[in-house]
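**Student:** Sharing a structure below in structure tokens format, with a few things to ask.
There are 2 protein chains.
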Amino acid sequence: MQTFSVGQLAQNAGVNIETVRFYEKRGLLPMPKRTKSGCRQYTNKDIARIHFIKRAKELGFSLMEIAELLSLKINSETTCGDVKKIALDKLLDVATKIRDLKRIKKVLEELVTVCNKDNSATNECPILEALEIGNE
Amino acid sequence: MQTFSVGQLAQNAGVNIETVRFYEKRGLLPMPKRTKSGCRQYTNKDIARIHFIKRAKELGFSLMEIAELLSLKINSETTCGDVKKIALDKLLDVATKIRDLKRIKKVLEELVTVCNKDNSATNECPILEALEIGNE
DNA sequence: ATACTGTCCGTACCATAGTACAGGGTTCCA
DNA sequence: TGGAACCCTGTACTATGGTACGGACAGTAT
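Here the protein sequences line up with chains V and L, keeping their order. Its first residue numbered 1201, the first sequence is counted upward by one per residue in this note's numbering. Its first residue numbered 1201, the second sequence is counted upward by one per residue in this note's numbering.
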């Protein structure tokens, strides 16, 4: 089976070498086999694992949560329901973030629309005023 | 005019005392007047300013950007257009964040829907499988 | 042989947004 | 007059997700 050095793994997986070691320290990557001279030896599984980590990060999981997911995976005593629960929690988080950002977006849009005078002094800028007045 | 100690300001504005001093260090709050004994003396304006900061944070501005907005306000040479530009930039950011999160949400929803077996071992969990297969 | 590249490890550092704490001084009230 | 409660400063620490660097080996190329 093909093996990779840490540099090759990093290249293939699209991360930094330092990041690979960082992930290892954080328990996201298993301690790899070493060559006689002590260099890390990786396989395709490790590339897949880094892809998994990147994908999970895209999905809004923190490294700690990803470590959790990966440990669930290793420890097969846990059920699919456990994983589902984590995903559901995350779904809730994401939904909340979207809701909040939409509110933010709306205010910004209103502000930008109002702010049409390009050369008025800022002490009468509607953005600042709106933010100042708009606090509860 | 009524004045407030740093503790009272923190209380009224809903932040920590340390945060008030932290904001001062970062240039978000002006250096306040001091009593003879050296205690900071704040006014309603400072409360409003912290509300402004909190509001702007809610709107997705970083402390650095907020400092920028606040300095624009003080320095009246700058125009409303400058402020508008910052807000427009932020609007773009926010729109991107919403788009990404929606994508994430969709994937999570699909995953959770698929994951209906509550007692299957994790080595056949569709979420983990989907994440592993789902990398490009 | 020696220079170059890659890897090793540990440590320190980056930004962000604070929080905590040590070791003092001040103010207030009984 | 003494203690509680507040304030002062500066520094160090938290978490997150890495990045950078120094000094030492290893393997390869010319």
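Cβ atoms here follow ideal geometry from the backbone N, Cα and C, with glycine treated the same way.
1) Quick one: what does DSSP say T1279 (chain L) is sitting in, helix, strand or coil?
2) Note down, in chain order, each residue of its chain lying with its Cβ closer than 7 Å to the Cβ of T1203 (chain V), except the 5 sequence neighbours on either side.
3) Let me check understanding here. Comparing Cα to Cα, which of V:K1245, V:G1260, V:E1258, V:V1215 lies closest to M1201 (chain V)?
4) Could you confirm whether any beta carbon from chain L is found closer than 8 Å to the beta carbon of A1267 (chain V)?
5) Following the continuous alpha helix (DSSP H) through F1252 (chain V), name the residue where it begins and the one where it ends.
6) Three or more C-beta pairs under 8 Å: does that hold for the region 1261-1271 of chain L against the region 1225-1238 of chain L?
7) Does G1214 (chain L) come within less than 8 Å of chain V when only Cβ atoms are used?
8) Is it the case that the Cβ atoms of I1247 (chain V) and N1212 (chain V) are separated by a distance below 8 Å?
9) Relative to the C-alpha of G1214 (chain L), which candidate in L:K1254, L:E1310, L:G1281, L:C1239 has its C-alpha closest?
10) Grab the span of the alpha helix (DSSP H) containing T1219 (chain V) for me, first residue to last.
11) On the CB-based measure, 16 or more other CB atoms within 10 Å of its CB, does K1285 (chain L) come out buried or exposed?
12) For the alpha helix (DSSP H) holding L1229 (chain L), just list the boundary residues, first then last.
13) Among V:A1287, V:V1307, V:D1289, which has the Cα closest to the Cα of A1295 (chain L)?
14) Figure out for me which residue from L:G1238, L:K1236, L:I1266 has the closest Cα to the Cα of I1250 (chain L).
15) Assign L1292 (chain V) to buried or exposed, taking buried as 16 or more other Cβ atoms, counted over all protein chains shown, within 10 Å of its Cβ.
16) For chain V, check one thing: does any of its Cβ atoms lie closer than 8 Å to the Cβ of E1258 (chain L)?
17) Taking 8 Å as the threshold (beta carbon to beta carbon), is K1245 (chain V) in contact with chain L?
18) Interface residues of chain V around E1309 (chain L) at Cβ under 7 Å?
19) Pull the bridge partners of Q1241 (chain L) from the DSSP assignment, please.
**Tutor:** The short version:
1) For this step, residue 1279 (chain L) is matched to residue 79 along the second sequence. Strand at T1279 (chain L).
2) As a working mapping, residue 1203 (chain V) is identified with position 3 in the first sequence. Answer for T1203 (chain V): Q1241, Y1242, T1243, listed in chain order.
3) Here residue 1201 (chain V) refers to the residue found at position 1 of the first sequence. Considering only alpha carbons, the answer is V:K1245.
4) Translated into positions along the first sequence, residue 1267 (chain V) becomes position 67. Not one chain L Cβ lies under 8 Å of A1267 (chain V).
5) As a first step, residue 1252 (chain V) is located in the first sequence; it is residue number 52 there, counting from the start. Membership of F1252 (chain V) in the alpha helix (DSSP H) is indicated by the continuous run 1244-1258.
6) Yes, they touch.
7) One-based indexing of the second sequence puts residue 1214 (chain L) at position 14. The C-beta of G1214 (chain L) comes no closer than 8 Å to any C-beta of chain V.
8) Within the first sequence, numbered from 1, the residue matching residue 1247 (chain V) stands at position 47. Within the first sequence, numbered from 1, the residue matching residue 1212 (chain V) stands at position 12. In contact: I1247 (chain V) and N1212 (chain V) (Cβ atoms closer than 8 Å).
9) For the purposes of this step, residue 1214 (chain L) is taken as residue 14 along the second sequence, with counting starting at 1. Among L:K1254, L:E1310, L:G1281, L:C1239, the Cα nearest to that of G1214 (chain L) belongs to L:K1254.
10) Numbered from 1 along the first sequence, position 19 holds the residue referred to as residue 1219 (chain V). For T1219 (chain V), the enclosing alpha helix (DSSP H) begins and ends at 1217-1225.
11) Numbered from its first residue, the second sequence carries residue 1285 (chain L) at position 85. An exposed status is given to K1285 (chain L), since fewer than 16 other beta-carbon atoms sit within 10 Å of its beta-carbon.
12) Start at 1 with the first residue of the second sequence, and residue 1229 (chain L) comes out as number 29. From DSSP, L1229 (chain L) is part of no alpha helix (DSSP H); its letter is neither H nor E.
13) Taking the second sequence and counting its residues from 1, the one referred to as residue 1295 (chain L) is at position 95. Ranking the options by Cα distance to A1295 (chain L), first place goes to V:V1307.
14) On the second sequence, position 50 is the one that residue 1250 (chain L) refers to. Among L:G1238, L:K1236, L:I1266, the Cα nearest to that of I1250 (chain L) is on L:I1266.
15) Taking the first residue of the first sequence as 1, we reach residue 1292 (chain V) at position 92. By the 10 Å Cβ count, L1292 (chain V) comes out exposed.
16) Counting from one through the second sequence, the residue named residue 1258 (chain L) turns up at place 58. Yes, contact with chain V.
17) In the first sequence, the residue the question calls residue 1245 (chain V) occupies position 45. No, K1245 (chain V) does not count as interfacial toward chain L.
18) The sequence position of residue 1309 (chain L) within the second sequence is 109, counting from 1. Going along chain V in sequence order, the residues near E1309 (chain L) (Cβ under 7 Å) are L1291.
19) Along the second sequence, read from residue 1 onward, the residue named residue 1241 (chain L) stands at position 41. Within the DSSP bridge table, the entry for Q1241 (chain L) names L:K1233 as partners.
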